[in-house]
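Protein sequence lines, in the order shown, are assigned to chains A and B.
First residue of the first sequence: 316, per this note's numbering; consecutive thereafter.
First residue of the second sequence: 316, per this note's numbering; consecutive thereafter.
Number of protein chains: 2
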Amino acid sequence: MEIKAASTNLAALGHATRLAIFRLLVQAGPEGVNAGLICDKLKLAPATLSFHLAHLSRVGLIRGRQDGRFIFYAADYAAMDALLAFLTDNCCQGAQCLPKTAATAAPPKRRRTAAARQSRQRSE
Amino acid sequence: MEIKAASTNLAALGHATRLAIFRLLVQAGPEGVNAGLICDKLKLAPATLSFHLAHLSRVGLIRGRQDGRFIFYAADYAAMDALLAFLTDNCCQGAQCLPKTAATAAPPKRRRTAAARQSRQRSE
DNA sequence: TCCATATTTCAAGTATTATCGAAATAACGC
DNA sequence: GCGTTATTTCGATAATACTTGAAATATGGA
């Protein structure tokens with residue numbers, strides 16, 4: 316993922332209402348929740364909800380699936396995962412990473428030896 | 316972390332320039348980088364950089380430490396960690412979480428047995 | 001003290017985003 | 001087809017955020 320996509324995703328989540336929607340979907344699981352239910356749970360005007368759902372869909376963080384008159388929205392876990400990976404990618408130069416970040420600090424493809432890491436310090 | 320703080324943090328990262336700054340600091344490690352150097356690396360007008368550094372500081376994602384005429388900015392790894400935890404908190408009801416998300420899906424304090432999870436489905 | 005350097009604050013212009021009533025679209029059951 | 005329900009699109013308004021030149025502040029060295 317490059318920076319433009321990542322910042323677009325983060326901006327989409329950087330709004331209390333959209334974050335609440337996304338979180339609800341993340342916690343709801345892959346089956347998703349239909350728009351009307353989200354409306355009720357979060358007490359939003361339909362037009363407002365629709366605006367935010369469209370935004371989250373456009374950036375790829377959620378997907379809608381039509382089922383009769385309902386549209387079920389679900390979090391796109393792969394997109395979320397890519398976003399988390401981007402944030403923690405190559406983080407903190409092997410220093411004191413904390414629990415969540417530590418888990419993803421050095422993805423296999425980019426792992427380097429301590430020696431190699433050493434030799435690149437202060438360069439560029 | 317509650318939703319307001321989380322969305323504020325995410326909004327701060329939801330801008331290509333600020334995300335680039337944050338990422339640079341995350342990868343630079345705890346010692347940080349001084350403002351002028353960030354300016355050079357990212358080719359930003361000083362006033363623009365200052366605006367974004369202030370924004371990131373205000374929400375708590377980075378900290379500045381004065382050292383002579385320089386101010387070194389460093390990522391606040393704890394804040395970043397709290398943010399990642401918020402996003403993945405109680406995610407996806409035990410379903411098909413992916414690599415990064417899976418690592419943090421069920422923090423010890425909130426872990427539940429499969430049976431307990433089962434009995435709560437479709438309720439609320 | 002005076003100059004140079006590092007960084008921030010101010011101010012003003014520009015651009016983007018959020019909200020929501022009302023109207024439009026779409027799908028179902030009768 | 002017709003009424004009903006679910007959701008989106010439109011349009012207008014309001015609010016917020018971004019950029020940057022210029023001026024201000026702060027630090028260190030001569």
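All residues carry an ideal CB built from backbone N, CA and C; glycine is no exception.
Going by DSSP, A/Gly347 is part of no beta strand (DSSP E) at all; its letter is neither H nor E. At a Cβ-Cβ threshold of 8 Å, A/Pro345 and A/Ala389 count as neighbours. Contact annotation: the stretch 320-340 of chain B touches the stretch 359-378 of chain B, with at least three C-beta pairs closer than 8 Å. With contacts defined as CB atoms closer than 8 Å, A/Leu357 and A/Ile336 qualify as a contacting pair. It is roughly 21 Å from the alpha-carbon of B/Val348 to the alpha-carbon of A/Ser322. With the criterion set as a beta carbon lying under 7 Å from some beta carbon of chain A, the stretch 358-389 of chain B has no members that meet it. Setting aside the 5 residues that flank it on each side, A/Ala394 is surrounded in the same chain by Gly375 and Leu376, each with a C-beta closer than 6 Å to its C-beta; the list follows chain order. Between the alpha carbons of B/Leu399 and B/Ala326 lies a gap of roughly 14 Å. Taking C-beta separations shorter than 6 Å and ignoring five residues to either side along the sequence, the partners of B/Met316 in its chain run Ala397 and Phe401, following chain order. Pairing A/Gly379 with B/Asp355, the inter-Cα distance amounts to about 43 Å. A/Ile353 sits close to A/Leu339, with the two beta carbons spaced by under 8 Å. Look at B/Ile318: its C-beta is under 8 Å from a C-beta on chain A. Annotated three-state conformation of B/Arg333 is helix, per DSSP. With respect to B/Asn405, A/Gln381 sits apart: the two C-beta atoms are not nearer than 8 Å. Within the stretch 318-335 of chain A, those residues whose Cβ lies closer than 9 Å to any Cβ of chain B are, in chain order, Ile318, Lys319, Ala321, Ser322, Thr323, Asn324, Leu325, Ala326, Ala327, Leu328, Gly329, His330, Ala331, Thr332, Arg333, Leu334 and Ala335.
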